[in-house]
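Q:
Number of protein chains: 2
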Amino acid sequence: MLKYWNKMLSRSLVRLSKRWQLKSQLHDLKFWNLRANNKNHIEVNGLDTVDLIENYGSPLLVVNRKQLLMDIQDLIKPISSAPSGSKVLYSYKTNCIPGILREIHNLGIGAEVISAYELWLAEKLGVPANMIVFNGVNKTDESIMRAINMKILAINIDHWAEIDRIYRLAKQLDKKVRVGIRLGMTQDQFGLEIESGEAIEACKRIISYDDHLDLACLHFHVTSNAKNASYHKSCALRALKLMYQIGVETGVTIPYLDIGGGFGVPTTKTMSRAEYGIYRLFGCPPRPPTLRDCQPIDLFLSEIINSMNKFCLKNNLPMPKILIEPGRFITSRSEFLLVQVHVIKTKKDGTLFAISDAGRLSSTFPCDYEYHEIFVANRANDRMNQIYNIMGRICTSADWMVKNRYLPDLQSGDILAVMDAGAYFSSNSSNFSFPRPGIVMVSDGKSSVIRKHETFDHLIAMDVLKAPSKG
Amino acid sequence: MLKYWNKMLSRSLVRLSKRWQLKSQLHDLKFWNLRANNKNHIEVNGLDTVDLIENYGSPLLVVNRKQLLMDIQDLIKPISSAPSGSKVLYSYKTNCIPGILREIHNLGIGAEVISAYELWLAEKLGVPANMIVFNGVNKTDESIMRAINMKILAINIDHWAEIDRIYRLAKQLDKKVRVGIRLGMTQDQFGLEIESGEAIEACKRIISYDDHLDLACLHFHVTSNAKNASYHKSCALRALKLMYQIGVETGVTIPYLDIGGGFGVPTTKTMSRAEYGIYRLFGCPPRPPTLRDCQPIDLFLSEIINSMNKFCLKNNLPMPKILIEPGRFITSRSEFLLVQVHVIKTKKDGTLFAISDAGRLSSTFPCDYEYHEIFVANRANDRMNQIYNIMGRICTSADWMVKNRYLPDLQSGDILAVMDAGAYFSSNSSNFSFPRPGIVMVSDGKSSVIRKHETFDHLIAMDVLKAPSKG
Chain A
1 MLKYWNKMLS RSLVRLSKRW QLKSQLHDLK FWNLRANNKN HIEVNGLDTV
51 DLIENYGSPL LVVNRKQLLM DIQDLIKPIS SAPSGSKVLY SYKTNCIPGI
101 LREIHNLGIG AEVISAYELW LAEKLGVPAN MIVFNGVNKT DESIMRAINM
151 KILAINIDHW AEIDRIYRLA KQLDKKVRVG IRLGMTQDQF GLEIESGEAI
201 EACKRIISYD DHLDLACLHF HVTSNAKNAS YHKSCALRAL KLMYQIGVET
251 GVTIPYLDIG GGFGVPTTKT MSRAEYGIYR LFGCPPRPPT LRDCQPIDLF
301 LSEIINSMNK FCLKNNLPMP KILIEPGRFI TSRSEFLLVQ VHVIKTKKDG
351 TLFAISDAGR LSSTFPCDYE YHEIFVANRA NDRMNQIYNI MGRICTSADW
401 MVKNRYLPDL QSGDILAVMD AGAYFSSNSS NFSFPRPGIV MVSDGKSSVI
451 RKHETFDHLI AMDVLKAPSK G
Chain B
472 MLKYWNKMLS RSLVRLSKRW QLKSQLHDLK FWNLRANNKN HIEVNGLDTV
522 DLIENYGSPL LVVNRKQLLM DIQDLIKPIS SAPSGSKVLY SYKTNCIPGI
572 LREIHNLGIG AEVISAYELW LAEKLGVPAN MIVFNGVNKT DESIMRAINM
622 KILAINIDHW AEIDRIYRLA KQLDKKVRVG IRLGMTQDQF GLEIESGEAI
672 EACKRIISYD DHLDLACLHF HVTSNAKNAS YHKSCALRAL KLMYQIGVET
722 GVTIPYLDIG GGFGVPTTKT MSRAEYGIYR LFGCPPRPPT LRDCQPIDLF
772 LSEIINSMNK FCLKNNLPMP KILIEPGRFI TSRSEFLLVQ VHVIKTKKDG
822 TLFAISDAGR LSSTFPCDYE YHEIFVANRA NDRMNQIYNI MGRICTSADW
872 MVKNRYLPDL QSGDILAVMD AGAYFSSNSS NFSFPRPGIV MVSDGKSSVI
922 RKHETFDHLI AMDVLKAPSK G
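Top to bottom, those sequences are chains A and B.
Using my numbering, you'd call the opening residue of the first sequence number 1 and step up by one each time.
Using my numbering, you'd call the opening residue of the second sequence number 472 and step up by one each time.
1. Note the first and the last residue of the continuous beta strand (DSSP E) segment covering LYS345(A).
2. Can you say whether SER84(A) is buried or exposed, counting buried as having 16 or more other CB atoms within 10 angstroms of its CB?
3. How many Å lie between HIS453(A) and THR565(B) at the Cα?
4. For the alpha helix (DSSP H) that contains ASP522(B), what are its first and last residues?
5. Output the boundary residues of the alpha helix (DSSP H) element that contains GLN21(A).
6. Below 8 Å between beta carbons: does that hold for ARG451(A) and PRO408(A)?
7. Buried or exposed for THR346(A), please, with buried defined as at least 16 other CB atoms from any protein chain shown within 10 angstroms of its CB.
8. Spatial neighbours of ARG482(B) within its chain, please: C-beta separation below 6 Å, excluding the five flanking residues on both sides.
9. Would you please verify whether the beta carbon of SER900(B) is less than 8 Å from any beta carbon of chain A?
10. By alpha-carbon positions, which one of ARG854(B), ARG876(B), ASP853(B) ends up nearest to MET862(B)?
11. Distance cutoff 8 Å, beta carbons only. Does ILE568(B) sit that close to anything in chain A?
12. Counting only the same chain and skipping the five closest in sequence on each side, list residues whose C-beta sits under 6 Å from that of LEU291(A).
13. On a CA-only basis, which of ILE524(B), LEU684(B), HIS512(B) is nearest ALA625(B)? Give me that one, please.
14. If I'm right that ASP74(A) touches ILE297(A) with Cβ under 8 Å, what's the distance once you round it to whole angstroms?
15. Give the single residue among LEU29(A), LYS66(A), LYS7(A), ALA36(A) whose Cα lies nearest to the Cα of LYS446(A).
16. If you reduce the DSSP assignment to three classes, tell me which class ARG854(B) lands in.
17. What residues from chain A crowd round SER803(B), counting only those whose CB sits closer than 7 Å?
18. Which chain B residues sit within Cβ distance under 7 Å of THR253(A)?
19. Determine, using beta carbons only, whether THR270(A) comes closer than 8 Å to chain B.
20. Apart from the five residues just before and just after GLY517(B), which ones in its own chain have a Cβ nearer than 7 Å to its Cβ?
21. For the alpha helix (DSSP H) containing PRO78(A), list its first residue and its last residue.
22. Does any C-beta atom of chain A lie closer than 8 Å to the C-beta of MET479(B)?
23. Going along the chain, which residues of its own chain have a beta-carbon closer than 6 Å to the beta-carbon of ILE344(A), five neighbours each way excluded?
24. Who does HIS690(B) pair with in a DSSP beta bridge?
25. At a Cβ threshold of 8 Å, is GLN411(A) touching chain B?
26. Taking Cβ-Cβ distances below 8 Å as the criterion, which residues of the region 334-346 of chain A are in contact with chain B?
27. Ends of the beta strand (DSSP E) at PRO408(A)?
28. Cβ of VAL63(A) within 8 Å of Cβ of GLU335(A)?
29. Residues of chain B with CB closer than 8 Å to the CB of CYS235(A), please, in chain order.
30. Ordered along the chain, which non-local residues of its own chain (more than five positions away) have a Cβ less than 6 Å from that of TYR424(A)?
31. Which one of SER897(B), PRO756(B), GLU774(B) has the shortest CA to CA distance from LEU493(B)?
32. Using a threshold of 8 Å, state whether the C-beta atoms of GLN340(A) and ILE53(A) are closer than that.
33. For LEU2(A) and ARG709(B), I'd like the C-alpha separation in whole angstroms.
34. So LEU242(A) and ILE200(A) are supposed to be a Cβ contact under 8 Å. How far apart are they, rounded?
35. Contact criterion: CB-CB distance below 8 Å. Does HIS690(B) meet it with respect to chain A?
36. List the endpoints of the continuous alpha helix (DSSP H) containing GLU103(A).
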């Protein structure tokens with residue numbers, strides 16, 4: 001009986017969602033710098049996506065280089081109005097693919113790393129040391145020593161105990177190291193709290209260790225995919241107040257304010273708690289984002305910079321150089337995932353399942369809690385006709401990609417383009433029963449592989465294949 | 472205001488949950504064949520887990536070989552009461568680690584594979600072809616041809632279109648191939664429905680293709696971590712009815728009934744929908760499983776076999792040979808994950824965070840929707856004192872492992888043992904910012920590496936490191 005009402009409620013909610021799915025502003029390829037060609041196929045920088053699948057196999061991640069460079073330029077421009085020496089550092093965790101990172105670094109963007117691996121990769125890619133910030137809640141001694149030896153821009157301290165640890169290691173190496181403090185502005189696990197006095201105490205401790213530590217930075221990172229500057233702005237002011245207080249109490253001027261990342265893109269959104277709950281319980285898909293809800297990045301950043309300027313002027317505080325650590329903003333829109341529909345199944349109750357060769361458990365995990373637009377790459381402009389559950393290829397009902405999505409009629413062999421695959425898709429992907437997809441970059445009618453499809457041999461490369469000793 | 476009430480509700484629910492956490496029957500290491508040694512450390516087969524972390528580094532997956540062999544024996548015994556020729560096939564997707572698979576195959580268990588990769592691995596590990604079943608919703612032509620050439624026990628067809636496809640490929644190779652039909656018994660994406668007549672039509676089609684196809688099997692797989700046989704039993708009877716009907720209408724006797732897997736273990740459980748919702752919304756952890764709720768595997772299987780026998784006797788149907796495809800039952804309990812506590816953080820509102828070097832986004836994904844017991848490996852018998860949020864090492868508040876878990880007082884350096892890591896932990900793990908942990912097997916006081924810790928070089932082995940052409 002409960003099941004019956006659940007089903008009825010679910011059906012009504014899904015029907016209701018049909019309206020907002022139909023009215024979504026996202027049904028236009030131009031928002032991703034794509035177009036439909038005369039075959040009604042999606043074309044990226046002069047290449048037909050259907051050809052890409054034929055050439056490289058499915059599933060396939062595709063990086064639209066033109067869009068990537070545009071998004072980078074959009075971000076570099078507004079930062080030029082910040083004090084000279086301000087820097088943009090790409091958040092490696094967002095999409096840690098060397099071929100993409102190279103393009104980003106080529107345009108003068110540095111690296112924000114959160115692990116020994118990411119630090120190693122930034123060094124390997126030749127990122128200048130003064131363009132690297134090392135964050136993270138669980139740094140190893142080796143990685144801290146490497147960062148000290150490299151003379152990176154700053155190691156941001158997340159916890160009280162890190163101060164003495166970094167001091168000990170710097171002393172051991174007989175080096176001086178620039179450090180920052182991550183401020184805990186929210187009720188999550190990160191940083192040192194301002195209100196409890198913990199943050200200022202930590203700063204004073206660092207200052208007292210000035211033979212080996214150099215307090216270079218205050219840092220916060222507060223949100224993800226923010227659509228406007230208000231939260232960043234208020235946090236920046238809280239950080240500046242602390243900077244002011246430190247100046248008054250110790251005479252020390254901190255040169256950098258690292259305002260983290262989390263700048264949103266208009267083409268995707270994180271579900272609200274309620275939307276997520278309703279989606280999981282009743283299968284009602286979230287409302288697509290409204291494009292005009294998202295503040296353009298130049299306004300977003302200048303709003304923060306202006307209010308900082310105002311505060312500094314009023315309080316006679318020198319305006320700090322700004323560090324930003326965008327991830328999603330730089331790579332979200334320029335990458336999409338092509339997946340192929342294997343078969344369509346109609347169940348007795350009319351539910352339509354499209355079995356695809358990608359799913360939440362292997363390659364599209366962010367679709368679980370974010371809205372991502374989906375196109376049919378080989379029939380780009382067909383009318384939306386049917387409600388589908390798009391499933392993955394692992395044998396468990398948990399391997400769905402999206403539920404109850406309104407899409408054009410699908411058939412076996414169709415190619416779906418899952419948009420905004422440039423943030424957290426690769427990072428979260430696993431090789432659950434299947435190797436992970438390859439990645440190609442497309443630029444001016446040419447494609448090149450930047451990551452090969454995983455091979456079977458690669459999947460067992462870490463295994464010791466002879467039988468373990470029988471004890 | 473809403474936030475305030477949410478917080479109050481959350482606190483009351485967490486306080487309530489303290490009671491069932493304290494009363495849980497799972498606080499005894501013996502259920503995993505472990506013990507506390509005289510240092511109050513967890514010991515596995517004569518080895519101290521603290522030494523294991525010192526020797527191999529953290530995080531680390533540990534396979535308790537003794538428990539693995541016991542669980543396999545427990546499963547092999549009851550299947551001997553099924554008709555001769557019945558077989559146990561391990562579900563590779565559960566935990567696809569060659570070093571573990573070898574132990575399983577050494578005891579005469581075959582392989583249930585769902586992808587080209589898993590089929591390749593089973594062949595590489597020397598599993599006899601007549602001990603391999605190929606399931607899956609998205610098989611490639613190449614993998615089907617390989618399976619035909621290998622002469623495996625059965626390819627189970629999931630969708631109508633696969634019949635003609637396999638027939639075409641078998642004809643092309645001029646071979647005869649054993650196939651099964653996966654029956655769609657639930658409202659998920661799998662199999663061919665019985666009630667709509669689809670399943671019997673599919674069987675008849677296969678029979679009509681008897682120059683190249685041999686209808687060897689009916690298959691269903693209906694659930695996960697089932698605590699008693701009732702659902703399997705009712706599904707087996709539905710499948711037998713269909714077998715009977717096929718016999719009457721076509722004269723064909725199908726030799727195998729593949730009843731899938733999903734047999735539960737007592738030491739972990741999947742959260743109910745309501746528990747999951749409350750856990751996500753208010754942080755109230757689920758009630759631990761009650762050990763006596765779980766039917767022992769011999770009763771579980773004999774209940775199914777007996778009711779099948781009865782049906783066959785009554786209807787004069789020859790009793791089919793049984794195939795079972797356990798995954799969790801075989802490996803869940805014998806593997807655990809050791810992770811180290813990096814620091815403890817107390818927030819202004821009193822919330823305690825333990826930052827560990829593992830989390831949901833890299834290595835403990837099943838903790839999201841399942842209950843897993845957690846011990847402090849270096850203080851095995853300490854009293855439970857405090858409520859902790861155990862977090863991972865990726866810089867996002869989404870990287871938690873468990874919320875509001877009642878545990879002994881924790882401090883930096885403590886080692887946590889996350890139990891029942893032998894099912895779906897490795898399969899779901901990613902290398903989000905960090906390499907994946909190594910795996911050691913422990914047997915009679917000796918440990919041996921069966922999978923090495925991932926290296927940084929391995930993480931970029933598929934990358935094309937020179938800059939892509941500038942187009």
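Idealized CB from N, CA, C, for every residue including glycine.
A: Let me spell this out:
1. 335-346
2. exposed
3. 23 Å
4. 520-527
5. 2-23
6. no
7. exposed
8. none
9. yes
10. ARG876(B)
11. yes
12. GLN25, PRO266
13. LEU684(B)
14. 5 Å
15. LYS66(A)
16. coil
17. Per Cβ cutoff of 7 Å: no residues; SER803(B) is ~15 Å from chain A at best.
18. Here the premise fails: no neighbours, minimum Cβ distance about 27 Å.
19. no
20. ASP915, GLY916
21. 65-79
22. no
23. ALA354, LEU410
24. ARG653(B), ASP729(B)
25. no
26. HIS342, VAL343, LYS345
27. 400-408
28. yes
29. Result: empty, since nearest Cβ-Cβ is about 15 Å, beyond 8 Å.
30. PRO366
31. PRO756(B)
32. yes
33. 25 Å
34. 7 Å
35. no
36. 98-106
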